[in-house]
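J.: Residue numbers are given in the numbering used here: position 34 of the sequence shown equals residue 56, and the series is strictly consecutive.
Beta carbons are placed, not taken as given, at the ideal position from N, Cα and C, and that holds for glycine.
Below is the structure I would like to discuss, written out as structure tokens.
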Amino acid sequence: MIQLGHWDYIKDLGRKSVKARDNTQLLAELAEAYARHAPKSAAVNEKANKYLVDGGSHALRLIQPFPPRIVAAQGAWVKDEDGHDILDFWQGHYANILGHNPEIITSILARAFADRWGLQTGFLDRLQAETAEILCRQTGADRVRFTTSGTLATMYSILLSRAFTQRDLVMKVGGGWHGAQPWGLKGVSFYANNGNGFKRVDTHGLPPALTDEVVITRFNDPDMLRDHFRQYGDRLACFIVEPFIGAKGFIPATLEYLQTARQLTQKYGTQLIFDEVISGFRFRAGDLGALYGVQPDLATFGKAIGGGMPVAAVAGRADIMNLAGRDGDFMVKFSGGTYSGHHASLLAAKTIMTYLVAHEEEIYPHLAAQGEKARRTMEDAFAQEGIYAHCTGYANEVMKGSSMAMLHFPYQDGCTPDRPVEVRNPAVCDVVLGDKALQLALLLENVHVVHGLGALSTAHTDEDIKLLGAENTQRSTKKKSFAFSW
23 MIQLGHWDYI KDLGRKSVKA RDNTQLLAEL AEAYARHAPK SAAVNEKANK
73 YLVDGGSHAL RLIQPFPPRI VAAQGAWVKD EDGHDILDFW QGHYANILGH
123 NPEIITSILA RAFADRWGLQ TGFLDRLQAE TAEILCRQTG ADRVRFTTSG
173 TLATMYSILL SRAFTQRDLV MKVGGGWHGA QPWGLKGVSF YANNGNGFKR
223 VDTHGLPPAL TDEVVITRFN DPDMLRDHFR QYGDRLACFI VEPFIGAKGF
273 IPATLEYLQT ARQLTQKYGT QLIFDEVISG FRFRAGDLGA LYGVQPDLAT
323 FGKAIGGGMP VAAVAGRADI MNLAGRDGDF MVKFSGGTYS GHHASLLAAK
373 TIMTYLVAHE EEIYPHLAAQ GEKARRTMED AFAQEGIYAH CTGYANEVMK
423 GSSMAMLHFP YQDGCTPDRP VEVRNPAVCD VVLGDKALQL ALLLENVHVV
473 HGLGALSTAH TDEDIKLLGA ENTQRSTKKK SFAFSW
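Now the structure itself:
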């Protein structure tokens with residue numbers, strides 16, 4: 023097992039800033055241990071590398087030295103090629119709010135396929151209208167159009183905004199992830215070494231002029247937001263923002279921030295887009311914006327609304343959405359894609375949204391309580407070893423509960439990073455330990471996390487959450503450990 027001595031340097035938490043540490047040896051030892059732990063997954067990965075780029079089709083799944091290769095998934099657990107039952111907090115990119123393969127979804131899909139009614143047809147049916155009606159009713163939107171991924175949804179929302187305003191500039195927050203689409207690929211990763219922070223473009227291949235059209239502002243900083251609107255307001259087509267920051271922190275927006283965003287966008291004629299691909303139907307049976315009392319011009323949805331199937335949507339004001347149709351002379355080519363409005367996908371979407379609405383008063387308080395337990399369990403487990411760790415994902419003055427959790431290792435004891443510029447800054451937090459090292463170490467204990475932990479589902483039990491605690495995860499030695507075996 024990895025020895026606790028590898029973490030000795032974390033105990034020196036009194037300094038305000040520390041240069042980036044070399045975690046190479048720690049990661050190498052964890053990788054070696056994991057290779058011994060999962061040889062069959064390693065063999066499948068070796069074959070996959072011959073035909074797939076890095077062995078797969080989504081970068082976040084392709085952990086080093088190799089990802090667990092899964093053969094079954096049910097509820098809170100998955101099973102890998104080596105026969106390990108793995109407690110999963112990734113839950114399908116946080117989409118599986120009821121856990122993996124919930125019976126209410128699999129049974130209705132099974133009946134549809136048994137009736138030979140579920141594969142692609144290319145025709146319309148009543149299901150699209152019924153599903154759109156639920157989404158509009160629960161989010162306050164006038165119109166909806168479906169597509170197949172959150173990436174496409176955010177791209178189309180920006181196209182609609184630019185067409186409606188006849189402006190070019192797009193503003194987003196540093197660390198905001200809006201998918202791998204042209205206006206979303208600037209200001210995603212934090213670059214500490216050259217002082218760029220979140221101002222760099224995260225891909226090659228984009229026209230320079232396009233990246234010049236993206237303005238980066240700071241999350242939960244209303245003063246900077248005002249400054250940017252004073253400087254760019256009459257040129258801004260839209261401000262796209264996650265009400266709950268996803269990959270870069272699991273941080274809810276403050277009420278002041280979103281209210282300021284709404285006031286400024288209305289003042290300057292800029293469209294306000296809420297990217298609710300993660301937050302939509304995650305904290306309530308509808309949009310998170312409603313809890314803030316803020317209605318955006320457009321919003322994007324995905325993940326939870328699909329019930330485990332590929333569904334995403336743009337929803338919003340009729341006068342903007344109609345630019346994609348006859349009333350708007352098809353100004354925006356929002357085609358959605360071959361598989362948009364797919365029957366099986368919308369059957370799953372209608373089923374899960376109906377279920378979440380009907381059981382809202384039971385599901386969301388329960389998820390919030392489980393999220394609180396998970397965050398406290400992880401923090402307390404490290405505290406028992408004298409190591410300060412801080413979980414984001416907590417509720418705020420608007421959100422009364424949260425089922426999300428992301429663990430960080432700030433260098434300064436008592437530091438509570440609450441912006442992407444802090445949680446992803448290697449001078450503030452040990453980013454490698456909170457991401458790669460934590461993920462591998464927990465996999466050795468058959469617990470799977472992404473971004474420092476992940477999302478709770480209704481399938482996660484109290485006993486599952488206890489597995490994150492110090493007293494439950496040390497299986498190979500008698501020495502009391504923290505959060506996972508060392």
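Would R167 and G358 qualify as a contact pair, given that the criterion is a beta-carbon distance under 8 Å?
T.: Yes; because the gap between Cβ atoms is below 8 Å, this pair is in contact.
J.: According to DSSP, what are the bridge partners of G476?
T.: According to DSSP, which records beta bridges pairwise, G476 is partnered with A427.
J.: Could you give the residue range of the alpha helix (DSSP H) that holds G363?
T.: Per DSSP, G363 belongs to no alpha helix (DSSP H) and is neither H nor E.
J.: Can you find at least 3 beta carbon pairs, one from the segment 176-196 and one from the segment 241-258, that sit closer than 8 Å?
T.: These segments touch.
J.: Please report how far the alpha carbon of R37 lies from the alpha carbon of Y410, in whole angstroms.
T.: For R37, the predicted model reports a pLDDT of 29, less than 50, meaning its position is unreliable and no value from the coordinates is stated.
J.: Which residues in the same chain as G121 place their Cβ atom closer than 6 Å to its Cβ, once the five residues preceding and following it in sequence are excluded?
T.: These residues qualify, in order along the chain: G97, A98, S479 and A481.
J.: Might you give, ordered along the chain, the residues of its own chain that have their beta carbon closer than 6 Å to the beta carbon of L389, omitting 5 neighbours on each side?
T.: Counting only Cβ-Cβ distances below 6 Å, and skipping sequence neighbours, we find S425 and L478.
J.: Helix, strand or coil for M400? Go by DSSP, reduced to three states.
T.: In the structure shown, M400 sits in a helix (DSSP, three-state: H, G or I).
J.: Given this structure, state the Cα-to-Cα distance separating V333 from T376, to the nearest angstrom.
T.: Their Cα atoms are separated by approximately 15 Å.
J.: At a cut of 8 Å, does the segment 330-350 reach the segment 427-447 through at least three beta carbon pairs?
T.: Taking 8 Å as the limit for Cβ pairs, the verdict is that the segment 427-447 does not touch the segment 330-350.
J.: Compute the Euclidean distance between the alpha carbons of G330 and Q406, then round it to the nearest angstrom.
T.: Going by the C-alpha atoms only, they are around 37 Å apart.
J.: In the DSSP assignment, find the beta strand (DSSP E) that holds M193 and state where it starts and stops.
T.: Here the beta strand (DSSP E) through M193 covers L191 to V195.
J.: Going straight from the alpha carbon of N468 to that of L109, what length do you get?
T.: Distance between the alpha carbons of N468 and L109: 6 Å.
J.: Buried or exposed: T292, going by 16 or more other Cβ atoms within 10 Å of its Cβ?
T.: Answer is buried; the Cβ neighbour count reaches 16.
J.: In whole angstroms, give me the CA-to-CA distance for G328 and A370.
T.: When rounded, the distance between both Cα atoms is 6 Å.
J.: How would you call V471, buried or exposed, if buried means at least 16 neighbouring beta carbons within 10 angstroms?
T.: Buried is the call here.
J.: Mapping the DSSP letters down to three states, classify F356 as helix, strand or coil.
T.: Three-state DSSP puts F356 in coil, outside helix and strand.
J.: Please determine if the segment 451-467 and the segment 344-356 are in contact, where contact requires at least 3 C-beta pairs separated by less than 8 Å.
T.: Result no; under three Cβ-Cβ pairs closer than 8 Å.
J.: Tell me whether P230 sits in a helix, a strand or coil according to DSSP, three-state version.
T.: The answer is helix: DSSP assigns P230 an H, G or I state.
J.: By the DSSP assignment, the beta strand (DSSP E) with F323 in it spans what residues?
T.: Taken as a continuous stretch (DSSP letters only), the beta strand (DSSP E) holding F323 covers L320 to F323.
J.: Any idea what DSSP makes of V66, helix, strand or coil?
T.: It is helical.
J.: Give a yes or no on contact between the segment 275-290 and the segment 204-223, applying the rule of three or more CB pairs nearer than 8 Å.
T.: No contact exists between the segment 275-290 and the segment 204-223.
J.: Within 10 angstroms of the Cβ of G456, are there 16 or more other Cβ atoms? Answer buried if so, exposed if not.
T.: Burial call: buried.
J.: Answer yes or no: do K208 and V236 have a C-beta to C-beta separation smaller than 8 Å?
T.: Yes, the pair counts as a contact, with Cβ atoms nearer than the cut-off.
J.: Between the beta-carbon of A427 and the beta-carbon of G436, is there less than 8 Å?
T.: Not in contact: A427 and G436 (Cβ atoms no closer than 8 Å).
J.: What are the boundary residues of the alpha helix (DSSP H) that includes K289?
T.: L277 to Y290 is the extent of the alpha helix (DSSP H) around K289.
J.: Between which two residues does the beta strand (DSSP E) harbouring L465 extend?
T.: Looking at the DSSP string, L465 is not in any beta strand (DSSP E); the run it does join, the alpha helix (DSSP H), is L460 to L465.
J.: Determine whether the beta carbon atoms of K325 and G172 lie at a separation below 8 Å.
T.: Going by C-beta atoms, K325 is nearer than 8 Å to G172.
J.: Looking at the unbroken beta strand (DSSP E) that takes in F168, where does it start and where does it end?
T.: R165 to T169 is the extent of the beta strand (DSSP E) around F168.
J.: Would you call the CB atoms of W199 and G476 closer than 8 Å?
T.: Not closer than 8 Å, so no.
J.: Have a look at M275 and D104 and give me their C-alpha separation to the nearest angstrom.
T.: The residue you asked about is not Met; residue 275 is Ala in the sequence shown. Whole-angstrom Cα-Cα distance: 41 Å.
J.: Can you grab the Cα-Cα spacing for the pair T233 / F261, in whole Å?
T.: In a straight line, the C-alpha of T233 is about 15 Å away from that of F261.
J.: Judging by CA-CA distance, which residue of F220, T170 and F272 is the nearest neighbour of Y361?
T.: If we check each option's Cα against that of Y361, T170 comes out closest.
J.: Report all residues from its chain with a CB closer than 6 Å to the CB of D452; omit the five preceding and five following residues, and keep chain order.
T.: Once the five neighbours on either side are set aside, the close Cβ partners of D452 are F431.
J.: What did DSSP end up calling W199 once you bin it into helix, strand or coil?
T.: W199 falls in the coil class under three-state DSSP.
J.: Determine the contact status of A307 and A163, defining contact as a CB-CB distance below 8 Å.
T.: No, the pair does not count as a contact, with Cβ atoms beyond the cut-off.
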